[in-house]
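So the structure is just underneath, and the comments pick up after that.
Protein chains in written order, with this note's numbering: chain A, 1 to 348; chain B, 349 to 638.
So this is what it looks like as structure tokens:
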């Protein structure tokens with residue numbers, strides 16, 4: 001781990017403690033979802049950003065984690081901690097089984113294959129009613145407890161979720177700054193080139209797929225106990241796209257970027273949700289044929305536009321944009337080598 | 349169970365014809381631009397909802413349908429010009445994510461304009477008849493006829509007009525096409541316009557069978573895409589065959605256990621993807637023309 005990352009982790013830990021004690025319930029609840037999505041988005045950033053394998057079915061692993069822990073704790077009375085461990089193991093194991101054939105696919109065929117896998121998992125969650133409770137899911141998922149202390153409110157879960165998030169960030173940073181991380185980045189550049197260097201390509205691809213699924217499984221397990229309830233709507237293709245957007249907004253190949261992206265997208269969506277009815281009223285007054293209250297998830301439009309604009313104009317995401325800015329500033333004092341220097345410094 | 353086979357085939361072919369139309373649009377866009385356009389289903393939705401809206405203004409059905417298709421063609425061209433052209437240097441995956449963004453934004457725009465209400469459309473001809481043990485709605489004949497007409501028109505366009513030959517040239521080799529005076533940029537816009545138009549036609553003819561809603565395009569688009577993949581992604585005839593095959597398989601799968609109807613298509617998708625990678629056609633790969 002680099003020095004700046006260690007400082008970042010320490011700073012984040014301080015921020016978490018301060019926010020945990022000062023913020024109120026509804027704000028903490030929003031941050032809890034930021035934390036859950038960030039854990040999954042970091043996994044996706046390892047897979048898509050570093051290794052270049054874009055998954056459009058990541059919500060499936062999130063869902064597998066949630067249902068695994070929820071089922072084991074409600075039906076078999078397992079401790080939530082064991083349920084959480086099982087959630088991670090189940091997501092990782094299914095990723096290994098699915099990844100073996102699926103990761104043979106390249107580029108957009110892999111994206112489409114994972115999309116197919118995600119849809120199949122959603123159908124199973126909806127239709128295997130005897131086990132999953134069907135479209136309405138099931139509740140009564142128990143809370144975590146530490147000895148006699150039970151986790152009850154948003155604040156308890158905020159500390160729990162963000163503690164896991166800190167650990168996940170530390171693990172991910174360690175991974176990307178290691179030999180494995182360098183191999184993954186090389187994979188994105190050229191699988192053939194990496195293979196000619198004697199690296200067993202598929203082992204690394206499968207490995208990072210399993211790790212990213214395990215992160216999503218962890219987030220899913222935490223989600224199930226936090227909400228005390230699971231249903232398939234929380235794990236659809238839409239959520240997969242949201243996760244990808246978060247990773248992309250922050251900057252696909254950046255661990256910190258995934259956290260920033262998760263926070264930015266969540267906060268933006270909740271803002272838009274509040275503001276959109278006003279826009280709709282204006283539209284309705286302008287053209288009466290347009291319904292006044294269309295219902296449904298109106299924030300969709302802003303979400304789609306955001307995803308589009310980011311990918312067109314800022315493909316490196318927020319992290320990429322910041323890096324470019326820093327590099328430009330660093331290059332400014334010496335204009336004679338500035339252009340050549342910045343070109344050489346950006347291998348991507 | 350076998351007694352139901354004719355019915356499954358009839359309804360499967362009807363739905364399959366819709367998939368085939370959407371798949372044709374996919375193929376046009378992918379062959380020319382290498383972009384997998386995941387917003388294709390939204391063009392279906394626009395075609396259906398626009399046609400219904402014009403019909404409600406008192407327009408005759410044909411005029412409403414033509415206007416809806418024309419408007420969707422314009423939207424398709426605009427999507428290419430505004431969303432994909434600025435990022436044409438980007439990787440294939442970036443382009444896919446952009447089309448996902450386009451699809452979500454179009455769905456959101458439709459939600460603002462039409463709300464969540466389902467909109468009905470009267471069938472072009474009412475009634476049904478018996479065909480070898482299967483009940484066939486007259487609307488199904490319209491759907492089948494539309495597919496045939498669209499496929500023939502597309503074939504004639506690609507093989508017998510200068511513009512169509514330009515499209516094919518770009519699909520085979522954009523650089524060589526450019527040297528011959530074909531402009532690949534314009535052909536990319538044209539391919540999106542065509543793809544959107546084909547999808548809109550599918551939307552107009554399927555609207556009487558299923559209520560039209562702002563989110564109807566999502567499932568239909570994916571099915572059309574699976575049909576295109578079955579057909580090899582760059583082959584129009586294959587796309588039509590893929591669509592019809594997928595429709596029938598779904599009808600049979602749904603007939604055996606209706607709950608898993610949607611999963612059938614995606615299991616087929618995975619099998620086809622893996623077969624393309626490992627199977628006898630594995631070496632086929634990309635490239636090649638329309």
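Just so it is clear, CB atoms sit at the ideal spot from N, CA and C, and this is done for glycine as well.
Min CB distance residue i to chain A below 8 Å
{"i": "residue 578 of chain B", "result": "no"}
{"i": "residue 614 of chain B", "result": "yes"}
{"i": "residue 539 of chain B", "result": "no"}
{"i": "residue 436 of chain B", "result": "no"}
{"i": "residue 442 of chain B", "result": "yes"}
Distance, residue j Cα to residue i Cα
{"i": "residue 595 of chain B", "j": "residue 386 of chain B", "result": "20 Å"}
{"i": "residue 374 of chain B", "j": "residue 425 of chain B", "result": "14 Å"}
{"i": "residue 91 of chain A", "j": "residue 574 of chain B", "result": "26 Å"}
{"i": "residue 390 of chain B", "j": "residue 565 of chain B", "result": "5 Å"}
{"i": "residue 149 of chain A", "j": "residue 186 of chain A", "result": "47 Å"}
{"i": "residue 166 of chain A", "j": "residue 512 of chain B", "result": "57 Å"}
{"i": "residue 617 of chain B", "j": "residue 193 of chain A", "result": "30 Å"}
{"i": "residue 443 of chain B", "j": "residue 189 of chain A", "result": "17 Å"}
{"i": "residue 230 of chain A", "j": "residue 214 of chain A", "result": "18 Å"}
{"i": "residue 99 of chain A", "j": "residue 44 of chain A", "result": "14 Å"}
{"i": "residue 212 of chain A", "j": "residue 219 of chain A", "result": "11 Å"}
{"i": "residue 52 of chain A", "j": "residue 37 of chain A", "result": "20 Å"}
{"i": "residue 396 of chain B", "j": "residue 548 of chain B", "result": "7 Å"}
{"i": "residue 491 of chain B", "j": "residue 485 of chain B", "result": "10 Å"}
{"i": "residue 379 of chain B", "j": "residue 446 of chain B", "result": "18 Å"}
{"i": "residue 423 of chain B", "j": "residue 117 of chain A", "result": "31 Å"}
For residue i, three-class secondary structure by DSSP
{"i": "residue 386 of chain B", "result": "coil"}
{"i": "residue 512 of chain B", "result": "helix"}
{"i": "residue 479 of chain B", "result": "strand"}
{"i": "residue 151 of chain A", "result": "coil"}
{"i": "residue 157 of chain A", "result": "helix"}
{"i": "residue 484 of chain B", "result": "strand"}
{"i": "residue 230 of chain A", "result": "strand"}
{"i": "residue 51 of chain A", "result": "coil"}
{"i": "residue 608 of chain B", "result": "helix"}
{"i": "residue 314 of chain A", "result": "coil"}
{"i": "residue 61 of chain A", "result": "helix"}
{"i": "residue 489 of chain B", "result": "helix"}
{"i": "residue 560 of chain B", "result": "strand"}
{"i": "residue 356 of chain B", "result": "helix"}
{"i": "residue 138 of chain A", "result": "strand"}
{"i": "residue 415 of chain B", "result": "helix"}
{"i": "residue 145 of chain A", "result": "strand"}
is_contact[residue i, chain B] using C-beta, thresh 8 Å
{"i": "residue 18 of chain A", "result": "no"}
{"i": "residue 40 of chain A", "result": "no"}
{"i": "residue 138 of chain A", "result": "no"}
{"i": "residue 5 of chain A", "result": "no"}
{"i": "residue 281 of chain A", "result": "no"}
{"i": "residue 191 of chain A", "result": "no"}
{"i": "residue 244 of chain A", "result": "yes"}
{"i": "residue 77 of chain A", "result": "no"}
{"i": "residue 291 of chain A", "result": "yes"}
{"i": "residue 200 of chain A", "result": "no"}
{"i": "residue 109 of chain A", "result": "yes"}
{"i": "residue 300 of chain A", "result": "yes"}
{"i": "residue 57 of chain A", "result": "no"}
Residue i classed as buried or exposed, judged by whether at least 16 other C-beta atoms fall within 10 angstroms
{"i": "residue 50 of chain A", "result": "buried"}
{"i": "residue 130 of chain A", "result": "exposed"}
{"i": "residue 132 of chain A", "result": "buried"}
{"i": "residue 328 of chain A", "result": "exposed"}
{"i": "residue 126 of chain A", "result": "buried"}
{"i": "residue 203 of chain A", "result": "exposed"}
{"i": "residue 510 of chain B", "result": "exposed"}
{"i": "residue 271 of chain A", "result": "exposed"}
{"i": "residue 611 of chain B", "result": "buried"}
{"i": "residue 569 of chain B", "result": "buried"}
Residue from the options whose Cα sits closest to the Cα of residue i
{"i": "residue 102 of chain A", "options": "A:317, A:54, A:178", "result": "A:54"}
{"i": "residue 350 of chain B", "options": "B:519, B:393, B:481", "result": "B:481"}
{"i": "residue 70 of chain A", "options": "A:12, A:217, A:183", "result": "A:217"}
{"i": "residue 28 of chain A", "options": "A:16, A:96, A:38", "result": "A:16"}
{"i": "residue 465 of chain B", "options": "A:303, A:290, A:317", "result": "A:290"}
{"i": "residue 414 of chain B", "options": "B:546, B:581, B:582, B:468", "result": "B:546"}
{"i": "residue 400 of chain B", "options": "B:417, B:384, B:505", "result": "B:417"}
{"i": "residue 551 of chain B", "options": "B:384, B:361, B:388", "result": "B:388"}
{"i": "residue 120 of chain A", "options": "A:254, A:142, A:56", "result": "A:56"}
Under 8 Å by beta carbon: chain D residues contacting residue i
{"i": "residue 67 of chain A", "result": "This model lacks chain D altogether, as its protein chains are A and B."}
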